[in-house]
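Peer 1: When we follow the numbering used here, the leftmost residue of the sequence shown carries the number 138, and every step to the right adds one.
Ideal placement from N, C-alpha and C gives every residue a C-beta, glycine not left out.
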Amino acid sequence: MEPNSGTQEENIGPGIDGITYEMLKNVKPDIRDMLIAELNGMWRSGRINQSLKTIKVVPVPKPGRDPEIVDNLRPIAMLNCLLKVINTAVLNEIENHLSDNQILPNTSFGFRKHRTTSTALS
Numbered sequence: 138m139e140p141n142s143g144t145q146e147e148n149i150g151p152g153i154d155g156i157t158y159e160m161l162k163n164v165k166p167d168i169r170d171m172l173i174a175e176l177n178g179m180w181r182s183g184r185i186n187q188s189l190k191t192i193k194v195v196p197v198p199k200p201g202r203d204p205e206i207v208d209n210l211r212p213i214a215m216l217n218c219l220l221k222v223i224n225t226a227v228l229n230e231i232e233n234h235l236s237d238n239q240i241l242p243n244t245s246f247g248f249r250k251h252r253t254t255s256t257a258l259s
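#1: On the CB-based measure, 16 or more other CB atoms within 10 Å of its CB, does Asn163 come out buried or exposed?
#2: Please look up how many angstroms separate the CB atoms of Pro197 and Leu210, rounded, as I've assumed it's under 8 Å.
#3: To the nearest angstrom, how far is it from the Cα of Trp180 to the Cα of Pro242?
#4: What residues match up with Ile213 in a beta bridge as DSSP calls it?
#5: So, with DSSP's three-state summary, where would you put Asn177?
#6: How is the alpha helix (DSSP H) around Leu241 delimited, first residue to last?
#7: Which same chain residues, not among the five before or five after Ile213, have their C-beta less than 6 Å away from its C-beta?
#8: Quick check on Arg169: does DSSP put it in helix, strand or coil?
#9: Grab the span of the alpha helix (DSSP H) containing Val207 for me, first residue to last.
#10: Mapping DSSP to helix, strand and coil, what is Asn224?
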């Protein structure tokens, strides 16, 4: 896994660990290298530390509705930023593998980079 294994939205809130993308972006190089080594260890072993899997669920009011009524709230799962970095890296690896090995047919347009329904129609 590389240090910049994907672009992450920096305005997204932190998970239960309180670590934000801004913190990860500004971490000292020696700590960054330790984090990358730890993430690569998880990547190689195929196992993610349980602490990264803990999710904070936050109730967010639906727009224009009374937030005091439970039915007007929607749950938002706040994943740890490190877990999102891992998820993005895995997604990139899968997409690259599928593309490099031409596994998906050229007629497949859904959920693929640089392919849209407009591309399919043209």
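Peer 2: Reading it off the structure:
#1: exposed
#2: What sits at residue 197 in the sequence shown is Val, not Pro. Yes, Val197 and Leu210 are in contact; Cβ-Cβ is about 7 Å, under 8 Å.
#3: 28 Å
#4: Val195
#5: helix
#6: Taken as a continuous stretch (DSSP letters only), Leu241 belongs to no alpha helix (DSSP H), as it is neither H nor E.
#7: Val195 and Val197
#8: helix
#9: No alpha helix (DSSP H) holds Val207; DSSP gives it neither H nor E.
#10: helix
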